[in-house]
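**Q** For the protein sequence lines, the chains are D and R, in the order given. Here the numbering used here = 1-based position in the first sequence + 2. The letter at position 71 of the second sequence is residue 51 when you use the numbering used here, and the numbering goes up by one with no holes. We put the CB at the ideal spot given by N, CA and C, even for glycine.
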Amino acid sequence: MEPIRYVDALNNKYGAMGFPAYKWSVNETAPWTPLEKPLEECTVALLVSGGISHCSAPAFDPDARNDHRVDAVDPDEPTDGYQIHDIYYDHTDAGRDLNCIFPIDRLREIADAGEIGAVAARHWSGFMGRTYDRSRLTAESAPAFFENLQEDGVDLLVAVPA
Amino acid sequence: MGLVARVVEHMGIPTVNVSTGRDITALVRPPRSLFINRPMGNTFGRPGDAGGQREILRQALNFAVRADEPGVLVDLPADWNEPFEYFTGEATPEAIAKQMKT
């Protein structure tokens, strides 16, 4: 089947409710940092934006806008200890097995098999979207997030939008 | 999410996106993207299918090594063997209005 046209679908939905279209960022070019180590030596972190928080932490607000919250996730915590609060995707399956969208256990197995160097000390969940204040994102929140990755010696970030 | 990846990459750490929204990813253009035509929420597959989940993650890692062009977007072979639709689920007009208010 053809990929779902999310941009049109969201604009139609918003339009039908009398709201203006969401203005997606449009970029013609992309930044680039070469991956210079072999995978077997890379420390890898995961980032997911699906409203996933540990049950001991507050839930994400699924109605939020401009929510720049990003939680550190302990890679060794059991993956059945998380809650998902997001109204823009179907997280029924992810609620049964977090790895459907946030493959913490799978990355550990890949590390145990020696295919990557190490799992990072922290994974990340946040940046839920509906971000209208993008200058704050690019000037403050994302650079602060980068500092965390650097502190953990991350060589590669796997980002999973949802 | 793509914007965050762009900043992280710009500041010096390579990133790879695993996307289920092809059109959004094509607009935002993260540095490296794999598109998989599955329901948003099932990027890595079905509950309990550890082998299948691991395989997609492994493909993302290997793609990070192989990719050599900024903004590259590669389609994984379609493998979701049932139709799925745009998830209209739970977003109410009230929720959207709350987001739209500035």
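For a contact defined as C-beta to C-beta under 7 angstroms, what are the partners of Thr140/D on chain R?
**A** Along the first sequence, one-based indexing puts residue 140/D at 138. Result: Leu(-17) and Val(-13).
**Q** Going along the chain, which residues of its own chain have a beta-carbon closer than 8 angstroms to the beta-carbon of Thr5/R, five neighbours each way excluded?
**A** The count along the second sequence starts at 1 and reaches residue 5/R at position 25. Correct list, in chain order: Gly(-18), Asn(-3), Ser(-1), Ser13, Phe15 and Leu53.
**Q** By the DSSP assignment, the alpha helix (DSSP H) with Tyr16/D in it spans what residues?
**A** Counting from 1 along the first sequence, the entry for residue 16/D is found at position 14. Note, Tyr16/D: alpha helix (DSSP H), Tyr8 to Ala18.
**Q** Examine the Cβ distances between the region 6 to 23 of chain D and the region 122 to 133 of chain D and report whether three or more of them are shorter than 8 angstroms.
**A** The answer is no - the region 122 to 133 of chain D does not touch the region 6 to 23 of chain D, with fewer than three Cβ pairs under 8 angstroms.
**Q** Would you identify the three-state DSSP class for Gly(-8)/R, choosing helix, strand or coil?
**A** As a first step, residue -8/R is located in the second sequence; it is residue number 12 there, counting from the start. Three-state DSSP puts Gly(-8)/R in coil, outside helix and strand.
**Q** Per DSSP, Trp126/D is paired with what?
**A** Translated into the one-based positions of the first sequence, residue 126/D becomes position 124. In DSSP, Trp126/D forms a bridge with Leu49/D and Ala74/D.
**Q** Relative to chain D, which residues along the region 33 to 50 of chain R have a C-beta separation below 7 angstroms, given in chain order?
**A** Residues Gln33, Arg34, Leu37, Arg38, Ala40, Leu41, Ala44, Val45 and Pro50.
**Q** What in chain R is Cβ-close to Ala96/D, meaning under 7 angstroms?
**A** If you number the first sequence from 1, residue 96/D lands on position 94. Per Cβ cutoff of 7 angstroms: Gly21.
**Q** Taking the alpha helix (DSSP H) that Leu7/R falls in, what are its first and last residues?
**A** For this step, residue 7/R is matched to residue 27 along the second sequence. Counting along the chain, the alpha helix (DSSP H) containing Leu7/R begins and ends at Arg2 to Val8.
**Q** Sort Ile112/D, Ala32/D, Phe147/D and Ile103/D by Cα distance to Pro2/D and report the nearest one.
**A** Only positions 3 to 164 of chain D appear in this structure, which leaves residue 2/D out of reach.
**Q** Please determine, among Pro36/D, Ala141/D, Ala113/D and Pro105/D, the residue with the shortest C-alpha to C-alpha distance to Trp126/D.
**A** In the first sequence, counting from the first residue as 1, residue 126/D sits at position 124. The candidate whose alpha carbon is nearest that of Trp126/D is Pro105/D.
**Q** Can you list, in chain order, the residues of its chain whose CB lies under 6 angstroms from that of Ala(-15)/R, leaving out five sequence neighbours each side?
**A** Here residue -15/R refers to the residue found at position 5 of the second sequence. Excluding residues within five positions, the ones whose Cβ falls inside 6 angstroms are Thr(-5), Asn(-3) and Pro10.
**Q** Is the CB-CB distance between Gly52/D and Ala96/D below 8 angstroms?
**A** To locate residue 52/D, count along the first sequence from 1; it is residue 50. To locate residue 96/D, count along the first sequence from 1; it is residue 94. Going by C-beta atoms, Gly52/D is nearer than 8 angstroms to Ala96/D.
**Q** Can you find the residues in the same chain that come closer than 6 angstroms, C-beta to C-beta, to Ile118/D, ignoring five residues on each side of it along the sequence?
**A** The residue given as residue 118/D occupies position 116 in the first sequence. Correct list, in chain order: Leu41, Cys44, Val46 and Ile112.
**Q** Are the beta-carbon atoms of Leu37/R and Leu109/D separated by less than 8 angstroms?
**A** Counting from 1 along the second sequence, the entry for residue 37/R is found at position 57. Counting from 1 along the first sequence, the entry for residue 109/D is found at position 107. Yes, these two residues count as a Cβ contact at 8 angstroms.
**Q** Answer yes or no: does any C-beta atom of chain R fall closer than 8 angstroms to that of Glu111/D?
**A** Translated into the one-based positions of the first sequence, residue 111/D becomes position 109. Chain R contact via Cβ: present.
**Q** Please state the DSSP three-state secondary structure of Phe104/D.
**A** Within the first sequence, numbered from 1, the residue matching residue 104/D stands at position 102. Correct three-state label for Phe104/D: coil.
**Q** Whole angstroms are fine: how far does the CA of Tyr90/D sit from the CA of Ala66/D?
**A** Indexing the first sequence from 1 puts residue 66/D at position 64. Indexing the first sequence from 1 puts residue 90/D at position 88. Their backbone Cα atoms lie some 12 angstroms apart in a straight line.
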